[in-house]
Amino acid sequence: MGAFGTHALRDRVSERAFAAWQTGAQYHLAHALVVLAVAVAAAGGVLMDLPARRTLRLFQAGIVIFCGSLYAYGATGLTVFGIVAPLGGLLLMTGWLFLAWSAYQKPHVTA
Numbered sequence: 000m001g002a003f004g005t006h007a008l009r010d011r012v013s014e015r016a017f018a019a020w021q022t023g024a025q026y027h028l029a030h031a032l033v034v035l036a037v038a039v040a041a042a043g044g045v046l047m048d049l050p051a052r053r054t055l056r057l058f059q060a061g062i063v064i065f066c067g068s069l070y071a072y073g074a075t076g077l078t079v080f081g082i083v084a085p086l087g088g089l090l091l092m093t094g095w096l097f098l099a100w101s102a103y104q105k106p107h108v109t110a
């Protein structure tokens, strides 16, 4: 998404809209990697199943809403899309809290 924004949008939208697109791409990339890591950790038994699934859902919804609204604003320049960005950000923050809770809930094996 970052490359698309750079090549397709940089000269066609305002600097502010382009910056929003780039912010969306950065958060999208970072949280996509976290989603992958949580999925691998859950599959390997490192995280408890139910909290990990909730964490994944929160991150996925946050990516769609937060990054999606920034992409929409970046592509169109319509500020109305910025209204839903805070909801997506809240979902991402809640995902981080669920991730911490999931890691804390995992029983630790002692030798």
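According to numbering that gives the first Met the number 0, the stretch in the sequence shown is residues 0 to 110, in order.
The C-beta atom is built at its ideal place from N, Cα and C for all residues, glycine as well.
All figures in this text were calculated on a predicted structure; none of them were measured in a lab.
* **Whether residue 53 touches residue 97 by CB criterion (8 Å)** => yes
* To do: Would you grab the beta carbon distance between residue 102 and residue 46 for me? Rounded to a whole angstrom, and I think it's under 8 Å.
  => 6 Å
* Quick one: what does DSSP say residue 101 is sitting in, helix, strand or coil? -> helix
* Asked: CB-CB under 7 Å to residue 68, same chain, minus the five flanking residues each way: which ones, in chain order?
  -> 80, 81, 83, 84 and 87
* Which first and last residues belong to the alpha helix (DSSP H) in which residue 52 is found? -> 48-61
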